[in-house]
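Asker:
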Amino acid sequence: MKAFAQVAQTGSFAEAARRLGLATSVVSKRVKDLEAFLSTQLLQRTTRKVSLTDTGYSYLEYVRKFLDELEEVEEGIRNKTQKPIGEIKLAAPLSFGIKYLGPALSKYLQEYENVSIKTFLSDRQIDLVEEGYDLSIRIGQLKDSSLISRKLANCRRVVCASPAYFEKHGRPQKPKDLMGRNCMSYTNLAEGKAWPFIVEGKNIWQSTSGRFFSDNGDLLCEAAIAECGITLLPTFIVGKPIRSGELEIILEKYEEPDFNIYAIYQNRRHLSTKVRTLIDYLTAYFKDGL
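Counting from 8, one number per residue, gives the positions in the sequence shown under my numbering.
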């Protein structure tokens, strides 16, 4: 049933096999055996795609309920032992993962020897349910979701540039002063070239102009240090060059609030011990903020 549910979710025997850690031939055989046992066809197979039959749709609803209940029972039994065990699939933003997760996860794994962690670093937003992740780290204001969030650390997103850039081009005093400056925007956010601020107690989106854009915050940080322009980035990326004097913050009194770091996980009645202990550990690890 797990093989069938994964194939139905992904629309691919190969992808289902990858997620289950099995050979594609094994997954295919298990689905065929299930169809033979039920004496009905659950999937339509073509050279291009796999889709559910009408019977397959109906059966999938029962399978998902059964597997969810089975997982809850299994996790409940594991939780009673209070010993985390198994693999955790964790997704996190690229720059954050590279800068911070290595030391944090290393210490966690030293404490919990029966847990393994598989990480995926990307700046795109991960779909935990569709892509089979246990936990995701997200940064910034969260959108409404059926998922559960827990704040791991305080963070700020600041407008900054090199002191030399400000000496040449002047220091903007208000958000509207950014127009005409080379504002280097992070392209993985929906707002694009519009930057968020609080002006007279109201949320505004200030349009900016610029000639340099990237989907990677570290690249924008290095460009700012090299006097290329002004950028808007979280402090976990620009904190060090700000402390060293390579970058200077402006427009602090107009900063947006609540740009924090969160752990995101699925809404389940029984959170697994392995995921719960990792969330608790990361919360303690990052308690002083970034």
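Note that the Cβ used here is the ideal one computed from N, Cα and C, for glycine as well.
(1) Give a yes or no on contact between the segment 58-66 and the segment 183-200, applying the rule of three or more CB pairs nearer than 8 Å.
(2) Beta-carbon separation of Asp141 and Val282 under 8 Å?
(3) Measure the Cβ-Cβ separation of Thr284 and Arg157 and say whether it is below 8 Å.
(4) Quick one: grab the DSSP three-state call for Glu94.
(5) By DSSP, does Phe204 sit in helix, in strand, or in coil?
(6) Under DSSP, the alpha helix (DSSP H) around Cys228 begins and ends at which residues?
(7) Taking the beta strand (DSSP E) that Lys36 belongs to, which residues open and close that run?
(8) For a quick check, are the C-beta atoms of Leu101 and Ser143 less than 8 Å apart?
(9) Distance, Cα to Cα, Leu254 vs Ala99?
(10) In terms of residues, what are the limits of the alpha helix (DSSP H) holding Lys114?
(11) Thinking just about the alpha-carbon of each residue, which of Ala270, Ser19 and Glu118 is nearest to the one in Arg55?
(12) Cα separation between Asn121 and Lys183?
(13) Go through its chain and collect everything with a Cβ distance to Arg218's Cβ below 7 Å, but skip five positions before and after it.
(14) Compare the Cα-Cα distances from Tyr292 to each of Tyr107, Glu22 and Ser58 and report the closest residue.
(15) Does DSSP classify Tyr140 as helix, strand or coil?
(16) Just checking, does the segment 8-15 make contact with the segment 35-55 on the three C-beta pairs under 8 Å criterion?
(17) Which stretch, first to last residue, makes up the beta strand (DSSP E) that contains Ser214?
(18) What residue from Glu81, Tyr119, Leu59 and Lys125 has the CA that sits closest to Gly28's CA?
(19) Quick check on Ser65: does DSSP put it in helix, strand or coil?
(20) Given that a residue counts as buried once 16 or more other Cβ atoms are within 10 Å of its Cβ, and exposed if not, what is Gly177?
(21) Three-state secondary structure (DSSP) at Phe173?
(22) Would you identify the three-state DSSP class for Gln51, choosing helix, strand or coil?
(23) Please classify Glu262: does DSSP put it in a helix, a strand, or coil?
(24) What is the DSSP secondary structure of Ser153, counted as helix, strand or coil?
Answerer: On the basis of the data shown:
(1) Cβ pair count under 8 Å is below three, so no.
(2) yes
(3) no
(4) strand
(5) strand
(6) That run of the alpha helix (DSSP H) goes Gly224 to Ile232.
(7) Counting along the chain, Lys36 falls outside any beta strand (DSSP E), though it belongs to the alpha helix (DSSP H) covering Thr31 to Leu45.
(8) For Leu101 and Ser143, no; Cβs fall outside 8 Å.
(9) 26 Å
(10) Gly109 to Glu118
(11) Ser19
(12) Distance between the alpha carbons of Asn121 and Lys183: 54 Å.
(13) Excluding its 5 nearest sequence neighbours in each direction, Arg218 has C-beta neighbours in its own chain below 7 Å: Asn189, listed in chain order.
(14) Tyr107
(15) Tyr140 falls in the coil class under three-state DSSP.
(16) yes
(17) Run containing Ser214: Lys209 to Ser214, per the beta strand (DSSP E) assignment.
(18) For Gly28, the closest C-alpha among the options Glu81, Tyr119, Leu59 and Lys125 is that of Lys125.
(19) Note: Ser65 maps to helix in three-state DSSP.
(20) exposed
(21) DSSP places Phe173 in the helix class (H, G or I) of the three-state scheme.
(22) strand
(23) Secondary structure of Glu262 (DSSP, three-state): coil.
(24) coil
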